[in-house]
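Here the numbering used here is used: the first residue of the sequence shown is 14, the next is one more, and so on. Here a beta-carbon is modelled for each residue, glycine too, at the ideal position from N, C-alpha and C. Small disclaimer: the values here were computed from a predicted structure and weren't measured.
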Amino acid sequence: MINVKFIPAGIEIKARIGENLLEIARRENIFIDAPCNGSLSCGKCKVKIIQGNVETEANRHIKEEELQAGYVLACGTKVIEDIVVEVVEGKSSYLAGMKIEDLSGPKDKEIFERAKAQILDNGMKFSSYVKKDYIMIEAPTLDDNISDWDRMKRYLRNQLGYSKVFCRLPILRKIPSILRESDFEVTITHIPRGKNRTMIVNIEAGDTTDRLYGIALDIGTTSVAACLVDLYKGELLAKASAGNAQMKYGADVIHRIIYATKNKGLEQLSHAVIHETINPLLVKMYHDAGIDKEEVIAFVAAGNTTMSHLLLGIYPDYLRLEPYIPTFSNAPFIKASELELEMNSETFLYITPSIASYVGGDITAGVLASGIWTSDENVLLIDLGTNGEIVFGNKDYMVTCACSAGPAFEGGEISSGMRAAGGAIERVEIEAGTFKPKLTIINNEKPKGICGSGIIDLIAEMLKTGLVDRRGKLNRNLDSNRVRFDDYNIGEYVLAFKEEWDIHEDITITEIDIDNFIKAKGAVYSGVSTLITSLGMDISIIDKIYIAGGIGNSLSIDRAIEIGLFPDIEKEKFVYIGNSSLMGCYLTLMSEDARKKLEEISNQMTYIELSVYPTYMDEFISACFLPHTDIERFPTVEKILKNNKIC
14 MINVKFIPAG IEIKARIGEN LLEIARRENI FIDAPCNGSL SCGKCKVKII
64 QGNVETEANR HIKEEELQAG YVLACGTKVI EDIVVEVVEG KSSYLAGMKI
114 EDLSGPKDKE IFERAKAQIL DNGMKFSSYV KKDYIMIEAP TLDDNISDWD
164 RMKRYLRNQL GYSKVFCRLP ILRKIPSILR ESDFEVTITH IPRGKNRTMI
214 VNIEAGDTTD RLYGIALDIG TTSVAACLVD LYKGELLAKA SAGNAQMKYG
264 ADVIHRIIYA TKNKGLEQLS HAVIHETINP LLVKMYHDAG IDKEEVIAFV
314 AAGNTTMSHL LLGIYPDYLR LEPYIPTFSN APFIKASELE LEMNSETFLY
364 ITPSIASYVG GDITAGVLAS GIWTSDENVL LIDLGTNGEI VFGNKDYMVT
414 CACSAGPAFE GGEISSGMRA AGGAIERVEI EAGTFKPKLT IINNEKPKGI
464 CGSGIIDLIA EMLKTGLVDR RGKLNRNLDS NRVRFDDYNI GEYVLAFKEE
514 WDIHEDITIT EIDIDNFIKA KGAVYSGVST LITSLGMDIS IIDKIYIAGG
564 IGNSLSIDRA IEIGLFPDIE KEKFVYIGNS SLMGCYLTLM SEDARKKLEE
614 ISNQMTYIEL SVYPTYMDEF ISACFLPHTD IERFPTVEKI LKNNKIC
């Protein structure tokens, strides 16, 4: 065995000779960004060998001077002796420092109130399926010496009308001490099941009927956001969010599904999302709100179909294999204790229903929150997360599909790409003629990379200033030190020189990066086009476009249209609806009527598999252009390019 020490964490690990460096880090929960799951294709797992020697593979992501300085890709490196490894500054902080939509912004509060109003305006009530009752039981005597449990059941039968009362072992264990500590005056939390039946899920000393709490949780591929809710008042008492710790096993669902098939891979993925991500968020919210975890008695979670499977530790490989069948669409209620969640062990976890392998409960929850189901207008919902899901319809019909956009909108597959965290470039303007960029950086830090909204801005600006042509290829005739070409004639544009910003390396975007992003935006646009034409309609039928997902708040609609991500229609038709998945979870948590409507929505939505449509591939290829092969579909962009004398 040899010693592998990671700095600045100061963690030393025993490893076998020949073991992969990335796998060593994963084993001890040392976060090294690896969106491609160790396939040497993304170049994000760059680390520096400070001491000792390793065996490493040559690759295009490590320049010769970097290799000489000790930089390697962790996924392509084997350990052969004692080493000291530096995890490059900034990379390991993405997990905790990500910019995540969690219903806390001014826009989100407006959306929040609008979503609540839609429930009430459609005749639904806010009422929880969980009930609390304060009961005062007669203490036992020698003459009245029935058991504590029978005494409680007798009271509930005589006073509240429940002839059949149930509980599980954890509650039974609480009963004797709590009854006597409180002089037999206690509050029970229970779930009525029919007129005469109820299940007791908690017992507390004294009168606590004014305290009832629940959790709404959005489990994204990249990020997780949660809210602690007062179930009586509907108030958000605390919010918390973080990067999904599963990111170290791959940026997208396909990489994680593949990792789940490895030895103990599924166990590690479930541990990452529950113990490394969700539980710390829960503990933080309890502390912020000043409540005890035993008081949390309702829980609604939404995620894409893969995330739901991984949360429950269910083998997911059949999701990616034709005919793409999930283990479940409507999961049974799960007890918190079964997943080791930090809350009352008797709390039921409700997972919002999925539609198909690649359209999950996060979209169902988003449709509930958006109000498409009650709209007279034709509404298009686009969720711009790690996976690209699309819904189109109104109160009479809804169709949905998923497009394989990949992780590009989260900065994946982009050489200097990163997620929306401190140091990420999120807005870009380029000065015509000089090609000098003006950067807007999250938290006003030194730039570390560029996130999705920044990439959209950048490519649009490069097109308008003539830096790239409509194929995404750099202009070879420009006299600028910001445009350069390597030995393979692959071009790149320099956003930030390391000398001017005092950073480790230049921040650039290459022609390969641009091509990857064009394919991602092309997948979304062609998905929209195919979905609508499958109904015998065209783009002109759209009355509203709702944009959901973390990228939406920083997204420029103009720039998104200019690169061909969105249809070229009036800007007034675009509406940002924030984290619609989390909003839908909140509504489901607060209203039994909303939960029933959610399940109606999941049954009414029609899933369309894009791959079976012969026109889809043609649409996709046509959309892999800036903004599109058919420029007449984008008259606004055509006018801009003509004014700038760009073909």
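{"Query": "For V650, three-class secondary structure by DSSP", "Result": "helix"}
{"Query": "Residue span of the alpha helix (DSSP H) that contains T221, given as start and end", "Result": "No alpha helix (DSSP H) holds T221; DSSP gives it neither H nor E."}
{"Query": "Burial state of I634 (16 or more Cβ within 10 Å)", "Result": "exposed"}
{"Query": "Test item: CB-CB of I614 and M356 under 9 Å", "Result": "no"}
{"Query": "Span separating the alpha-carbon of I364 from that of K511", "Result": "46 Å"}
{"Query": "Contact set for I659: own chain, Cβ-Cβ below 6 Å, skip 5 residues either direction", "Result": "G479"}
{"Query": "CB contact flag (L230, A239, <9 Å)", "Result": "yes"}
{"Query": "Member of E353, V380 and R484 whose CA lies at the smallest distance from the CA of I132", "Result": "V380"}
{"Query": "Assumed close pair V214, Y599 - CB separation to whole angstroms, cut-off 8 Å", "Result": "Contact flag wrong, Cβ pair sits at about 21 Å."}
{"Query": "N-terminal and C-terminal residue of the beta strand (DSSP E) that R29 is part of", "Result": "Taken as a continuous stretch (DSSP letters only), R29 belongs to no beta strand (DSSP E), as it is neither H nor E."}
{"Query": "Beta-carbon proximity check, K584 vs E390, cutoff 9 Å", "Result": "no"}
{"Query": "CA-to-CA distance, Y168 to K104, given in whole angstroms", "Result": "In this prediction, K104 scores a pLDDT of 42, lower than 50, which makes its location untrustworthy; no coordinate-derived value is stated."}
{"Query": "Where T430 sits in the DSSP three-state scheme", "Result": "For the record, residue 430 in the displayed sequence is Gly; it is not Thr. Strand at G430."}
{"Query": "Where L471 falls, given that 16 or more other Cβ within 10 Å makes a residue buried", "Result": "buried"}
{"Query": "Range covered by the alpha helix (DSSP H) that runs through Y589", "Result": "Counting along the chain, Y589 falls outside any alpha helix (DSSP H), though it belongs to the beta strand (DSSP E) covering F587 to G591."}
{"Query": "Length at least 4, wholly inside the region 14 to 95: the alpha helix (DSSP H) runs in chain order", "Result": "34 to 40 and 77 to 81"}
{"Query": "Cut-off 8 Å between Cβ atoms - residues of its own chain near S106, not counting five sequence neighbours on either side", "Result": "Reliability of the predicted coordinates at S106 is poor, the pLDDT of 46 falling under 50, and no value is obtained from them."}
{"Query": "Inter-residue CB distance, V237 and L294 (contact presumed, cutoff 8 Å)", "Result": "7 Å"}
{"Query": "Helix, strand or coil at R181 according to DSSP, with G and I counted as helix", "Result": "coil"}
{"Query": "Span separating the alpha-carbon of D121 from that of E307", "Result": "29 Å"}
{"Query": "Contact set for A636: own chain, Cβ-Cβ below 7 Å, skip 5 residues either direction", "Result": "G535, Y538, S539 and G577"}
{"Query": "Own chain, CB closer than 8 Å to P183, minus 5 neighbours either side, in chain order", "Result": "S350, S358 and E359"}
{"Query": "Inter-stretch contact at 8 Å, needing at least 3 Cβ pairs: the region 474 to 492 / the region 381 to 401", "Result": "no"}
{"Query": "Helix, strand or coil at L250 [DSSP, three-state]", "Result": "strand"}
{"Query": "Start-to-end residues for the alpha helix (DSSP H) that takes in L295", "Result": "N292 to A302"}
{"Query": "Contact set for G31: own chain, Cβ-Cβ below 6 Å, skip 5 residues either direction", "Result": "K91"}
{"Query": "Candidates M298, Y299 and L282, of which the one nearest H322 by Cα", "Result": "L282"}
{"Query": "Outcome for D679 when other beta-carbon atoms lying within 10 angstroms are tallied against a minimum of 16", "Result": "Any question about residue 679 goes unanswered here, given that the chain covers just 14 to 660."}
{"Query": "Which residues DSSP lists as bridging C240, in chain order", "Result": "A229 and K252"}
{"Query": "Contact check, V60 vs I93, beta carbons under 9 Å", "Result": "no"}
{"Query": "Contact under 9 Å by Cβ, K451 with W514", "Result": "no"}
{"Query": "Segment limits, alpha helix (DSSP H) that includes A311", "Result": "Segment V309 to G316 is the beta strand (DSSP E) holding A311; no alpha helix (DSSP H) there."}
{"Query": "Residues bridged to H203 [DSSP beta-bridge criterion]", "Result": "K144 and I213"}
{"Query": "A22 vs V97 beta-carbon contact at 9 Å", "Result": "no"}
{"Query": "Cutoff 7 Å; reference T319; Cβ partners in own chain excluding five residues on either side", "Result": "V266, R269, I270, P329 and L332"}
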